[in-house]
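Notes to accompany the following structure.
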Amino acid sequence: MVYIVPTIRGTKDGSIMSDNRFPSTCDIYDRFLDEVRVPWPIFRDFGARRRFSGAIATVKCFEDNSRIKEQVATPGEGRVLVVDAGGSNRCAVMGDLVAGEAARNGWAAIFLFGFVRDVCAVAEIDIGLKALGSIPRKSVRRGEGTLDIPLNFAGVDFRPGDIVVSDEDGVIVLTPDQAQALR
Numbered sequence: 416m417v418y419i420v421p422t423i424r425g426t427k428d429g430s431i432m433s434d435n436r437f438p439s440t441c442d443i444y445d446r447f448l449d450e451v452r453v454p455w456p457i458f459r460d461f462g463a464r465r466r467f468s469g470a471i472a473t474v475k476c477f478e479d480n481s482r483i484k485e486q487v488a489t490p491g492e493g494r495v496l497v498v499d500a501g502g503s504n505r506c507a508v509m510g511d512l513v514a515g516e517a518a519r520n521g522w523a524a525i526f527l528f529g530f531v532r533d534v535c536a537v538a539e540i541d542i543g544l545k546a547l548g549s550i551p552r553k554s555v556r557r558g559e560g561t562l563d564i565p566l567n568f569a570g571v572d573f574r575p576g577d578i579v580v581s582d583e584d585g586v587i588v589l590t591p592d593q594a595q596a597l598r
């Protein structure tokens with residue numbers, strides 16, 4: 416089955432995701448098998464979009480959302496912000512204000528190895544948002560964290576420029592060449 420993934424406006428170079436179409440994650444897996452990366456199924460949907468895809472940009476932080484706020488303030492260009500927040504359940508590193516800014520700036524989604532807050536408000540925002548769970552405690556801002564580095568969590572590597580495809584069945588991480596082969 417092929418369906419429209421309603422989030423891609425283009426990647427930085429405009430070449431990979433021009434027609435907004437991807438097969439389902441199940442069909443992608445069936446084509447590539449274990450050549451694609453499939454994160455552990457530990458994430459919940461929080462944003463209004465359940466299906467999304469885009470080129471990866473990354474943030475690594477721990478109990479500090481400063482770098483996340485910095486990234487979502489930039490043009491998203493249909494990308495997916497992948498955040499390694501260490502899986503900490505002590506505080507949320509994202510809520511409705513940050514998710515809303517990401518949506519306004521053209522980010523397709525946020526894939527968060529961490530926790531969110533303001534769940535009811537976030538559910539109304541036109542963005543994909545997957546996270547481990549929710550907690551009302553907010554993070555601190557110390558200006559710590561790193562941007563645009565390879566990450567590893569949930570059993571897979573996430574590299575800037577690789578492609579995330581997500582739907583109701585799960586998440587797949589593709590290389591740009593694999594994504595191009597699906598065109």
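What the sequence shown shows, in my numbering, is residues 416 to 598, in sequence order. Where is the CB? At the ideal position from N, CA and C, for every residue including glycine.
DSSP three-state label for residue i, please.
i: Arg464; result: strand
i: Val513; result: helix
i: Thr440; result: helix
i: Leu448; result: helix
i: Val487; result: helix
i: Glu583; result: coil
i: Asp626; result: One cannot answer for residue 626 here, as it falls past the ends of the chain, which runs 416 to 598.
i: Ser549; result: strand
i: Arg459; result: strand
i: Val537; result: helix
i: Tyr418; result: With a pLDDT of only 35 at Tyr418, under 50, the local geometry of the prediction cannot be trusted, and the value read off the model is given with reservation. Here Tyr418 sits in strand by DSSP.
i: Ala596; result: helix
i: Ala518; result: helix
Apart from the five residues just before and just after residue i, which ones in its own chain have a Cβ nearer than 8 Å to its Cβ?
i: Met416; result: For Met416, the pLDDT reaches just 40, beneath the cut-off of 50, and the residue's location in the model is therefore unreliable, although a value from the coordinates is still provided. So the qualifying residues of the chain are Pro438, Ser439 and Asp442.
i: Lys488; result: According to the sequence provided, residue 488 is Ala. The question's Lys does not apply to it. Here the set comprises Glu516 and Asn520.
i: Pro490; result: Asn520 and Gly521
Identify, in the order they occur along the chain, each residue of the same chain with its Cβ nearer than 7 Å to the Cβ of residue i, setting aside the five sequence neighbours on each side.
i: Thr590; result: Asp577
i: Gly558; result: Ser481
i: Ala518; result: Ile540, Asp541 and Ile542
i: Gly560; result: Val474, Lys475, Cys476, Asp479, Ser481 and Arg482
If contacts are defined as beta-carbon pairs under 8 Å, then residue i and residue j qualify, I think. What distance do you get, rounded to the angstrom?
i: Ala569; j: Gly543; result: At roughly 16 Å, the Cβ-Cβ gap does not stay under 8 Å, so Ala569 and Gly543 are not in contact.
i: Val555; j: Glu478; result: 7 Å
i: Ile457; j: Asn504; result: Between Asn504 and Ile457 the Cβ distance is about 12 Å, and since that is not below 8 Å, they are no contact.
i: Cys475; j: Ile587; result: Checking the sequence, you will find Lys at residue 475 rather than Cys. Actually they are not in contact, since the Cβ atoms of Lys475 and Ile587 sit about 22 Å apart, beyond 8 Å.
I'd like to know whether the C-beta atoms of residue i and residue j end up nearer to each other than 8 Å.
i: Val497; j: Val579; result: yes
i: Leu566; j: Lys545; result: no
i: Thr473; j: Leu547; result: no
i: Gly469; j: Val495; result: yes
i: Val451; j: Lys484; result: no
i: Gln595; j: Phe447; result: no
i: Arg598; j: Ile471; result: no
Which residue wins for smallest C-alpha separation from residue i, given the options the options?
i: Arg459; options: Ile564, Arg598, Arg532 and Thr561; result: Arg532
i: Arg413; options: Gly560, Val534 and Ile540; result: Residue 413 is absent from the model: the chain starts at 416 and stops at 598.
i: Asp584; options: Arg465, Gly515, Ala500 and Asp511; result: Arg465
i: Asp582; options: Phe467, Glu539 and Asp499; result: Phe467
i: Gly501; options: Val586, Ala518, Ala507 and Gly529; result: Gly529
i: Pro454; options: Phe461, Asp499, Gln486 and Cys506; result: Asp499
Short of 6 Å in beta carbon distance, which residues of its chain neighbour residue i, apart from the five on each side in sequence? Order them along the chain.
i: Gly510; result: Arg532 and Asp533
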